[in-house]
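Taking it in order: structure first as structure tokens, then the write-up.
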Amino acid sequence: MTVSPDLNVDTVEEIQEASLLRDTMRAFARNRMALLGLVFVALLVFLAIFAPIVSPHDPYRMALDEQFLPPSTTYWLGTDNFGRDVLTRIIYGARISLVVGIVPSLISLIIGTFMGVLSGYIGGKVDFVIMRLADMMIAFPSLLLAMVVMYTLGANLFNIFVALALVGWAGVARVVRSQTLALKEKEFIEAAHANGASRVTIMFRHIFPNVVPTLIVLFSLSIPDAIMWESSLSFLGVGVQPPEASWGLLVSRGKEYLFQAPVVAIAPGVAILLTVLAFNFVGDGLRDALDPSMKD
């Protein structure tokens, strides 16, 4: 790309950033599975936001005379053991799954990024302490650790955020640390040192922006992990509690009637499967689009 000599440095940087964004979007658009995943995620977000409008029934209304009705035009996926519409509860369950997928992932991303940049750039004892703490978190069985937190603090949505953030930050920290170690040897970091920039300035004005693409990919791939963890915790009875409509809780309750009304357990299980696949497709597409080696 030829740049006019009349343009200042800021304008040139803006043009380069716009060009990079266009290239990234084009690379992402060429990945059909990523686009399919993005469409599914967008549909899921729409259903979650507008659940009271698009849901055919009240998710908490019980009708014991309508237990285990088969799928019909009135109840598209039938009813459960309390006569509640299965489809409606799955739609409302999308709200919990998306919130639990996004919030803990964002918290662990923030903590892991701070720890990783600090560890990689400062080094020495700081690096040793942070990495040994991360090693302990990674070595401990994640599901067991999350269960211990839930049993200790109590089973509610806020504590799920705490448990999943505690489980997820260590992996982010290790990835960010490795990138920080590579970046701090670059010439632009040495130039910042020579100009008298402080450590805080270098870490958060020079190093952090360069790890953002990796953080975007990590965030998109950590969401399905968080959804799976929440579903597992709810399935085991230490996650979201009745009468809330968590997908894991729906599977847990539905398995008791698997032979009597299989749709009650299978439908939310399929919802978990499709959602996790969709987010993974989006994450893979972002990784390929943001990786220079994958571009033409």
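Taking UniProt numbering, the leading residue of the sequence shown gets 1, the next gets one more, and so forth. Every residue gets a Cβ at the ideal spot worked out from N, C-alpha and C, and that includes glycine.
Around the Cβ of Asn159, a 10 Å sphere holds 16 or more other Cβ atoms; the residue is buried. Counting only residues of its own chain and dropping the five nearest sequence neighbours on each side, Pro243 has a CB closer than 6 Å to the CB of Tyr60. Its Cα nearest to that of Val264, the residue Pro70 stands out among Leu43, Ser55, Pro70 and Ile49.
Among the bridge pairs identified by DSSP, Thr79 is matched with Asp85. Looking from the CA of Ile223, the closest CA among Val41, Arg32, Gly83 and Ile90 belongs to Val41. Shortest Cα-Cα distance from Tyr92 to any of Ala146, Gly123 and Trp247 involves Trp247. The residue among Ala191, Ile138, Ser234 and Arg95 with its C-alpha nearest the C-alpha of Leu47 is Arg95. Arg177 and Ser119 do touch by the CB rule: their CB atoms are close to 5 Å apart, below 8 Å. If you draw a 10 Å sphere on the C-beta of Ile53, you find fewer than 16 other C-beta atoms in it, and that means exposed.
Here Ala155 really is in contact with Gly239; their C-beta atoms are around 6 Å apart, less than 8 Å.
By the neighbour-count criterion, in which 16 or more other beta carbons inside 10 Å mark a residue as buried, Thr201 falls on the exposed side. The residues Val176, Thr180, Met203, Ile207 and Phe208, in chain order, have a CB closer than 7 Å to that of Val117 in the same chain once the five nearest residues on each side in sequence are set aside. Shown here for Pro213: same chain residues with a beta carbon closer than 8 Å to its own, the five before and five after excluded, namely Leu290 in chain order. In its chain, beyond the 5 residues on either side, Asp85, Leu87 and Thr88 have a beta carbon closer than 7 Å to the beta carbon of Pro56. About 6 Å separates the Cβ atoms of Leu109 and Leu215, confirming a contact at the 8 Å cut-off.
With a 10 Å radius around the Cβ and a threshold of 16 neighbouring Cβ atoms, Ile49 comes out exposed. Boundaries of the alpha helix (DSSP H) harbouring Glu190: Glu187 to Ala194, taken from the DSSP string. Note that the C-beta distance between Gly112 and Gly168 is below 9 Å.
Taking 9 Å as the cut-off, the beta carbon of Gly83 is found closer than this to the beta carbon of Ala63. Between Ser234 and Leu258, the beta carbon gap of about 17 Å keeps them out of contact (Cβ cut-off 8 Å).
No Cβ-Cβ contact shorter than 9 Å links Phe28 with Gly283. Between Ala261 and Gly254, the C-beta gap is smaller than 9 Å, which places the two residues in contact.
For Val100, the closest C-alpha among the options Met33, Ala197, Ser232 and Gly196 is that of Ser232.
Of the other Cβ atoms in all chains shown, fewer than 16 fall within 10 Å of the Cβ of Tyr151; this residue is therefore exposed.
A distance of 9 Å or more separates the beta carbons of Ala34 and Asp225. Ala170 is a Cβ neighbour of Ile138, given a cutoff of 9 Å.
Of all alpha-carbon atoms in Asn195, Arg26 and Arg205, the one lying nearest the alpha-carbon of Leu183 is that of Arg205.
DSSP places Ala63 in the coil class of the three-state scheme, outside both helix and strand.
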